[in-house]
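Numbering (the UniProt record's numbering), first residue to last: 1 to 173.
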């Protein structure tokens, strides 16, 4: 059965890269995966999304229809992209995002963790991947970490390892 994942935030937060990494990790596990993205005309600062579908069988349509997992790092991206989630969707949001009552959400200080605990706000996307992995186990932890390290420059590998672990720790504490 296919799992549909939508990662949303602000342009420049690296969520397109996060989607590529997540799809790549799924492929390394022998799954079938597709990744697509879209962002507003204001590439930096506007709402953006990256979508990933992971399946054991052929994927017939490359866009997310109804999310099984939804991530939102900003209010604007939540307001723009949160419709269409499945009833039992796992919703992971930054603690700054306000949601309507009755939603089942995992609210985490993702942006604050990247900036304050990891030391660089640019790795919020990797903190997000750690949180998603810990909350859903959509792909194996080791495989996802390997995919992350395979996509980042050598001089920031340790920073990204720290960010990934920080995201896992947010969920497991």
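Yeah, the Cβ is synthetic: ideal placement off N, Cα and C, and Gly gets one too.
Contact between the region 104 to 114 and the region 125 to 133 (3+ Cβ pairs under 8 Å)
yes
Can you tell me the Cα-Cα spacing of residue 51 and residue 4, whole angstroms?
7 Å
Any heavy atom of the ligand FAD closer than 7 Å to the Cβ of residue 132?
What this structure holds is no ligand at all, so the ligand FAD is not there to describe.
As assigned by DSSP and simplified to three states, the class of residue 35
strand
How many angstroms separate the CA atom of residue 120 from the CA atom of residue 114?
6 Å
Does the distance from the CB of residue 162 to the CB of residue 118 come in under 8 Å?
yes
Along the chain, where does the alpha helix (DSSP H) that runs through residue 93 open and close?
No alpha helix (DSSP H) contains residue 93, which is instead part of the beta strand (DSSP E) from 85 to 94.
Using the Cα positions of residue 26 and residue 145, report the straight-line distance between them to the nearest angstrom.
12 Å
Using only CA atoms, which one of 28, 81, 62 lies nearest to residue 143?
28
Which word fits residue 87, buried or exposed, when buried means at least 16 other C-beta atoms lie within 10 angstroms of its C-beta?
exposed
Determine the direct distance from the alpha carbon of residue 2 to that of residue 17, and round the result to whole angstroms.
21 Å
Would you mind stating whether residue 77 and residue 10 have Cβ atoms separated by less than 8 Å?
yes
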